[in-house]
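Q:
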Amino acid sequence: MSTSTFFINVDSSRLSPSQVTGIRVALGVAGLLAVILGISILVWPGATLALVAWLFGIYFLVVGILRIVKGFSGHSEGTGYRVFSVILGVLLILGGVYILLNPVFGVAVLAAAIGITWIIEGVASLVESAPDSSRWFGVLYGVVSIVAGVIVLFVPVQSAAALLIFVAVLAIVAGLVEIVQAFTFGRAAKRAGIA
Numbered sequence: 000m001s002t003s004t005f006f007i008n009v010d011s012s013r014l015s016p017s018q019v020t021g022i023r024v025a026l027g028v029a030g031l032l033a034v035i036l037g038i039s040i041l042v043w044p045g046a047t048l049a050l051v052a053w054l055f056g057i058y059f060l061v062v063g064i065l066r067i068v069k070g071f072s073g074h075s076e077g078t079g080y081r082v083f084s085v086i087l088g089v090l091l092i093l094g095g096v097y098i099l100l101n102p103v104f105g106v107a108v109l110a111a112a113i114g115i116t117w118i119i120e121g122v123a124s125l126v127e128s129a130p131d132s133s134r135w136f137g138v139l140y141g142v143v144s145i146v147a148g149v150i151v152l153f154v155p156v157q158s159a160a161a162l163l164i165f166v167a168v169l170a171i172v173a174g175l176v177e178i179v180q181a182f183t184f185g186r187a188a189k190r191a192g193i194a
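Note that numbering that gives the first Met the number 0 numbers the sequence shown so that position 37 is 36, with each residue one more than the last.
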């Protein structure tokens, strides 16, 4: 009796009762955490966006420091590369500090990066669309991706907030599905008298 969940596709009849219990507990805990995360995002969207911006700023700081260290310690690299690495590191640190001082800017930059990525993805989809009957799907995806990317570029903070709400709802739905799977995983094998 093969059972599919979000994360695994396993024949539960081949598992021991303790393995089935372990998977059920993991699904239940993961589902509960996803629901809590989704509700938290919906209740505190501003704080969540600020947290994302702070993490983005901290990431820039860490990567900037690593770039500077690499620039000063990379003796096997050419001088041009080492200088570029130090300059990039300084710019990343300055960007990280600015994002930490102005989290809305960080959210806007992150949203703009997503928008640019969607535009590039849309153009690639239009270029790569197969010339057969399924071409319409690639064209539709490409157009929607480009339009969404442009919208995100023009209203980045509001787009980030909308994306955050979408992620929150998705987390709640996925969490509820995992909780249901926690209660149903392995039951088919048990009913068949296998486990």
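Backbone N, C-alpha and C define an ideal beta-carbon position, used for all residues, glycine too. From a predicted model like this one, the values you see are computed outputs, not experimental measurements.
Should Gly95 go down as buried or exposed, given a rule of 16 or more other Cβ atoms within 10 Å for buried?
A: As a first step, residue 95 must be located in the sequence shown, where it is residue number 96. Its Cβ being crowded by 16 or more others within 10 Å, Gly95 is buried.
Q: Name the two residues that bound the continuous alpha helix (DSSP H) containing Glu76.
A: Taking the first residue of the sequence shown as position 1, residue 76 is located at position 77. Glu76 -> no alpha helix (DSSP H), and no H or E assigned at all.
Q: Give me the Cβ distance between Gly121 and Val142, rounded to the nearest whole Å; I'm assuming they're in contact under 8 Å.
A: The residue labelled residue 121 in the question sits at position 122 within the sequence shown. The residue labelled residue 142 in the question sits at position 143 within the sequence shown. The pair is a contact, with the Cβ atoms about 7 Å apart (cut-off 8 Å).
Q: Taking all protein chains shown into account, do 16 or more other C-beta atoms lie within 10 angstroms of the C-beta of Leu91, making it buried, or fewer, making it exposed?
A: Against the sequence shown, residue 91 aligns to sequence position 92. By the 10 Å Cβ count, Leu91 comes out buried.
Q: How would you call Arg134, buried or exposed, if buried means at least 16 neighbouring beta carbons within 10 angstroms?
A: Position 135 of the sequence shown holds residue 134. That one is exposed.
Q: So, Val56 versus Ile98, is the Cβ gap smaller than 8 Å?
A: Taking the first residue of the sequence shown as 1, we reach residue 56 at position 57. Taking the first residue of the sequence shown as 1, we reach residue 98 at position 99. Going by the sequence as given, residue 56 is Gly instead of Val. Result yes, Cβ atoms of Gly56 and Ile98 sit closer than 8 Å.
Q: Using only CA atoms, which one of Val156, Ile178 and Val126 lies nearest to Gly27?
A: In the sequence shown, the residue the question calls residue 27 occupies position 28. When each option's Cα is compared against that of Gly27, the closest is Ile178.
Q: Work out the CA separation of Asp10 and Arg186 for me, nearest whole Å.
A: Residue mapping note: residue 186 aligns to position 187 of the sequence shown, counting from 1. Residue mapping note: residue 10 aligns to position 11 of the sequence shown, counting from 1. Going by the C-alpha atoms only, they are around 11 Å apart.
Q: Please classify Phe184 as buried or exposed, where buried requires at least 16 neighbouring CB atoms within 10 angstroms.
A: As a position in the sequence shown, residue 184 is number 185, starting the count at 1. The residue is buried, with at least 16 neighbouring Cβ atoms inside 10 Å.
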